[in-house]
Amino acid sequence: MPPTNKRQFYRQFALRMDGGVPSSLDLASRSVEMIAATENPVRVYDWDRGWIHEILLMSGLELPENRQVPLQDTHSRYDTSTTIGSFREMRIEGDKCVGRALFADVPSVEDVWVKVRDGHITDCSVGWVALAEPIWVPEATTMEIEGRSFTGPIQVVTKWKIKENSICPIGADESAKARAEEGDQPPSNKNAHNQKDKLMDAKLRAYLERRGLPKDATDPEAEEFMARMDEAPAGAKVPGNPPAGKTAPVVQSRSVEEVLQEERDRTFEINTMCRQFGCETMADQLIKDGTDISGARKLVMDEIAKTPPEGQGGFGHRAPIVGTDDREKFRDAAQGAILMRAGIHQETPAPGADELAGRSLVGVCRMLLERGGESGAGRPLEVVGRALTSTDMPTVLGATANLSLMAGYESDSETWDQWCDTGSVSDFKIHTAARASEVDDLDEIPESEEYSYSDRSEKKEQYAIATYGKIFAITRQALINDDLGALTDVPFQHGEAAKRKIGDVAYAVLIANSVMGDNVALFHASSHKNIMGNASIGESSMAEGIKMMRQMKDMNGKRRLNLRAQYVIAPTSLEGSSEVFFASEKYVDADTSATRNNIYSGNRFTRIYEPRLDDYSDKVWFMAGPKGKTVKVFFLDGIQAPYLEMQKGWSVDGVEHKVRIDAGAKAMDWRALLRNQGQ
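Just so you know, this note's numbering puts the end of the sequence shown at 686, numbered straight through with nothing missing.
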């Protein structure tokens, strides 16, 4: 079973040096052999269970075909300048993944290479993704996995692959190290002690250092510093370590993930605020300096007060900014991120969408809760449940579903709108359309004679629309599983279904041969004279159809209407033979030596091949005249798109959506419609 969310994880290892430098160091090739990963249990954070131990099975490591991945600088992968070389010759040796790190021979990499060569940088970290759902072994339980026994609590990753390897300042696995040619040497006690003191996540430590943590602080000192951050007022400097002989106050320390989440939220808020007020150039510096949200807001307000907009007041004055509030902006960004992840095209994604695109649906729920003043912690099932009842998550889901619905409606290929006209009605009652006859020809009026009125008659056609719809749900399970298909694919398919239904309604008029206003069927040989003979599409049948339509008379039977046939509508079964005829410049029906020009070739007629007609008959075909004189498709208030309603799920845990479209179709006249039974 594939993992529900292929996020990239990191596993840190110590690049241990033997006597200052590893004996596997090769100065000529600027490379060193290293152990990139081992099966040692590593402590990681899990949203469901908190801190747990995890094992990566080497039997499940999927190596790239070329046995090579990029070598990065501390997992930075925003541009090619952060690629410092490559990790090659990857192979599995027992419970280790081994390879050789080659450093690029370019000036920008020289600094890192020298520090590794001289033993100043000793650690590396692999970035990896799970290819299958990890297996959780509960506490006091022994489970056999891949022929080996594991006793819980522990998480076992059975299928995974390495995306990149990084040189970084902090490592975690004491068993992974640079290799010596004579064999793997264990670290010295001093190195082991130092390693134990520096296990904190690299990103967390960098964040704390920006907030004032000394760079040489040990992990216990860093954790005390992080705890004091909770006690310090917003924007205030975090107090340092207590004087000798005094003890720091005991406070509740936050988890690493909570602090990292706070940093991600701070970055997002600053970027959003700076974009909103046109101060994008300030964002990077505010983030780098560790400025909190309150301090950043004050600095941004001070900046925009310096320069008024052109033509707007004097010094120090700025016209008020009117627009959507932060809540709406975040809602739009979350919606754009979901569409971006699902691969649905957006003309202009909302600001911030790209920053949220890396988050799972549960992660978005957590952010919405936190922005609403609630805790985002807890098991995914609980988090999603609270987000669906107390945040804007239902609105985000509804807007996403609506855009997906419309994308499906607009993408589906239908043919009815090529030859049918459209109209609008305001309700579901039976409507009547009056059709007046043509006026008589003008009379010659001799001197002293009176003018006369035309003798006109009127016919009526009645029609009505109906509602067509379905219900679908987006469940809590879909959000927890990060199932983007439930959010986008299902609404998209309902949009396609709505478009198909309009086609069904339009073509049903031809197929059903319903009664017209004169109580005669639409196609009738004697009364309406619009049924041709039994023939396939060819010279004779086309000539017959053209003649019949042009010789149709008005209601009073006084004059010819001279209607011009414009469309040939046929089942797909006839497409092959018909297109041969229309593409032939010479007649080749029965006489293959004929040289007469085919006057019906080219684009004189619009040909429409509709599979719905195959279900009725694979031989019957139709000819139609101008739009407005044949079938008309009506929509409620002229809205030619499906409508989506949303409510909190009652029969399911989640959100229910109802999609509907209101439409109907009617033949408004029979004179511009002909049917041929085919042969």
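Glycine included, C-beta positions come from ideal geometry on N, C-alpha and C.
>> Quick check: what's the CA-CA separation for Glu-417 versus Arg-507?
In response: Taking the first residue of the sequence shown as 1, we reach residue 417 at position 410. Taking the first residue of the sequence shown as 1, we reach residue 507 at position 500. One C-alpha to the other measures close to 11 Å.
> Terminal residues of the continuous beta strand (DSSP E) containing Trp-423?
Replying inline: Here residue 423 corresponds to residue number 416 of the sequence shown, with the count starting at 1. From DSSP, Trp-423 is part of no beta strand (DSSP E) but of the alpha helix (DSSP H) over 423-426.
>> Tell me the DSSP secondary structure of Pro-498 in three-state form.
In response: Working through the sequence shown from its first residue, we reach residue 498 at position 491. Three-state DSSP puts Pro-498 in a helix.
>> Taking 8 Å as the threshold (C-beta atoms), are Asn-278 and Glu-171 in contact?
In response: Locating residue 171 in the sequence shown gives position 164, counting from the first residue. Locating residue 278 in the sequence shown gives position 271, counting from the first residue. No.
> What are the start and end residues of each continuous beta strand (DSSP E) run of 3 or more residues lying completely inside the region 578-637, in chain order?
Replying inline: 613-616, 628-631
> Do you know offhand how far Ser-397's Cα is from Leu-376's?
Replying inline: Along the sequence shown, one-based indexing puts residue 397 at 390. Along the sequence shown, one-based indexing puts residue 376 at 369. When rounded, the distance between both Cα atoms is 8 Å.
> Asn-172 by DSSP, collapsed to three states: which one?
Replying inline: On the sequence shown, position 165 is the one that residue 172 refers to. Looking at Asn-172 - three-state DSSP - the assignment turns out to be strand.
> Apart from the five residues on each side of it in sequence, which residues of its chain come closer than 6 Å, Cβ to Cβ, to Glu-592?
Replying inline: Reading the sequence shown from its first residue, position 585 is the one you call residue 592. Asn-605, Ser-608, listed in sequence order.
>> Considering just the uninterrupted stretch of the alpha helix (DSSP H) at Leu-410, what are its terminal residues?
In response: Stepping through the sequence shown from its first residue, residue 410 is reached at position 403. Its alpha helix (DSSP H) spans residues 400-418.
> Under 8 Å between the Cβ atoms of Leu-70 and Ser-93?
Replying inline: For the purposes of this step, residue 70 is taken as residue 63 along the sequence shown, with counting starting at 1. For the purposes of this step, residue 93 is taken as residue 86 along the sequence shown, with counting starting at 1. It is not a contact, given that the beta carbons lie outside the stated cut-off.
> If you draw a straight line from the C-alpha of Asp-561 to the C-alpha of Met-347, how long is it?
Replying inline: The residue you call residue 561 lines up with position 554 of the sequence shown. The residue you call residue 347 lines up with position 340 of the sequence shown. Asp-561 and Met-347: Cα-Cα distance of roughly 57 Å.
> Which of the three DSSP states, helix, strand or coil, is assigned to Val-51?
Replying inline: Within the sequence shown, residue 51 is the residue found at index 44, counting from 1. In the structure shown, Val-51 sits in a strand (DSSP, three-state: E or B).
>> So, under 8 Å CB-CB, Arg-373 and Val-390 are touching, yes? Tell me the CB distance rounded to an integer number of Å.
In response: Here residue 373 is taken as the residue at index 366 of the sequence shown, counted from 1. Here residue 390 is taken as the residue at index 383 of the sequence shown, counted from 1. The pair is a contact, with the Cβ atoms about 6 Å apart (cut-off 8 Å).
> Which value, in whole angstroms, describes the spacing of the CA atoms of Val-516 and Lys-673?
Replying inline: The count along the sequence shown starts at 1 and reaches residue 516 at position 509. The count along the sequence shown starts at 1 and reaches residue 673 at position 666. Spanning the two alpha carbons is a distance of roughly 7 Å.
> Can you give the beta carbon distance from Ile-345 to Thr-407, rounded, assuming they're within the 8 Å contact cut?
Replying inline: Counting from one through the sequence shown, the residue named residue 345 turns up at place 338. Counting from one through the sequence shown, the residue named residue 407 turns up at place 400. Right, the Cβ-Cβ distance comes to about 5 Å (below 8 Å), so this counts as a contact.
>> On the DSSP letters alone, give me the boundaries of the alpha helix (DSSP H) that Ser-397 sits inside.
In response: The residue labelled residue 397 in the question sits at position 390 within the sequence shown. That run of the alpha helix (DSSP H) goes 387-397.
> Any contact of the region 141-149 with the region 114-121, i.e. 3+ C-beta pairs under 8 Å?
Replying inline: no
> With a Cβ-Cβ cutoff of 8 Å, do Ala-577 and Leu-620 count as a contact?
Replying inline: On the sequence shown, residue 577 is found 570 positions in, with the first residue counted as 1. On the sequence shown, residue 620 is found 613 positions in, with the first residue counted as 1. Yes. Within cutoff.
> How do the region 548-557 and the region 668-684 stand: do at least 3 beta-carbon pairs fall below 8 Å, yes or no?
Replying inline: yes
> Count the other CB atoms within 10 Å of the CB of Leu-34; is the residue buried (16 or more) or exposed (fewer)?
Replying inline: Residue 34 sits at position 27 when you count from the first residue of the sequence shown. Exposed, by the Cβ-count rule.
> Near Trp-677, which residues of its chain fall below 7 Å by C-beta distance, leaving aside the five closest residues on each side in sequence?
Replying inline: Sequence index remark: in the sequence shown, residue 677 carries index 670 (1-based). Met-523, Leu-529, His-535, Asn-537.
> By DSSP, does Met-150 sit in helix, in strand, or in coil?
Replying inline: If you number the sequence shown from 1, residue 150 lands on position 143. Strand at Met-150.
> Hey, quick one: how far does the beta strand (DSSP E) through Asp-669 stretch, first residue to last?
Replying inline: Translated into positions along the sequence shown, residue 669 becomes position 662. Element bounds for Asp-669: 661-674.
>> Please state whether the Cβ-Cβ distance between Tyr-574 and Trp-426 is less than 8 Å.
In response: Within the sequence shown, numbered from 1, the residue matching residue 574 stands at position 567. Within the sequence shown, numbered from 1, the residue matching residue 426 stands at position 419. Contact: yes.
> For Val-662, which option in Leu-570, Val-527, Arg-483 has the closest C-alpha, if you only look at C-alpha atoms?
Replying inline: Locating residue 662 in the sequence shown gives position 655, where the first residue counts as 1. Of Leu-570, Val-527, Arg-483, the residue nearest in Cα terms is Arg-483.
> So, using beta-carbon positions, are Val-164 and Ala-43 closer together than 8 Å?
Replying inline: Residue mapping note: residue 164 aligns to position 157 of the sequence shown, counting from 1. Residue mapping note: residue 43 aligns to position 36 of the sequence shown, counting from 1. Result no, Cβ atoms of Val-164 and Ala-43 do not sit closer than 8 Å.
>> Given this structure, state the Cα-to-Cα distance separating Val-638 from Val-432, to the nearest angstrom.
In response: Walking along the sequence shown from the start, residue 638 turns up at place 631. Walking along the sequence shown from the start, residue 432 turns up at place 425. Rounded to the nearest angstrom, the two C-alpha atoms are 15 Å apart.
>> Please identify the residue among Arg-557, Thr-579, Ala-631, Pro-176 whose C-alpha is closest to the C-alpha of Leu-570.
In response: For the purposes of this step, residue 570 is taken as the residue at position 563 of the sequence shown. If we check each option's Cα against that of Leu-570, Arg-557 comes out closest.
> For Asp-419, which of Ala-137, Pro-77, Ile-509 has the nearest alpha-carbon?
Replying inline: The residue labelled residue 419 in the question sits at position 412 within the sequence shown. Minimum Cα distance to Asp-419 is reached at Ile-509.
>> Measuring alpha carbon to alpha carbon, tell me which residue in Gly-645, Pro-453, Ile-668, Val-640 is nearest Glu-652.
In response: The residue given as residue 652 occupies position 645 in the sequence shown. Closest option to Glu-652, Cα to Cα, is Ile-668.
> In whole angstroms, what is the alpha-carbon distance linking Asn-701 and Val-527?
Replying inline: This structure leaves residue 701 out entirely; the chain is present only between 8 and 686.
> Could you give the distance in angstroms between the alpha-carbon of Gln-654 and the alpha-carbon of Phe-479?
Replying inline: Start at 1 with the first residue of the sequence shown, and residue 654 comes out as number 647. Start at 1 with the first residue of the sequence shown, and residue 479 comes out as number 472. Near 11 Å, if we compare the C-alpha coordinates of Phe-479 and Gln-654.
> Under a three-way DSSP split, which group does Val-527 fall into?
Replying inline: Sequence index remark: in the sequence shown, residue 527 carries index 520 (1-based). Val-527: coil per DSSP, three-state reduction.
> Is Ala-137 near Lys-103, with beta carbons less than 8 Å apart?
Replying inline: Numbered from 1 along the sequence shown, position 130 holds the residue referred to as residue 137. Numbered from 1 along the sequence shown, position 96 holds the residue referred to as residue 103. No, they are not a contact pair.
>> Based on DSSP bridge pairs, tell me the residues matched to Arg-155.
In response: Indexing the sequence shown from 1 puts residue 155 at position 148. Its beta-bridge partners are Ile-152.
>> Quick check on Val-105: buried or exposed, where buried means 16 or more other Cβ atoms within 10 Å of its Cβ?
In response: Numbered from 1 along the sequence shown, position 98 holds the residue referred to as residue 105. Classification for Val-105: buried.
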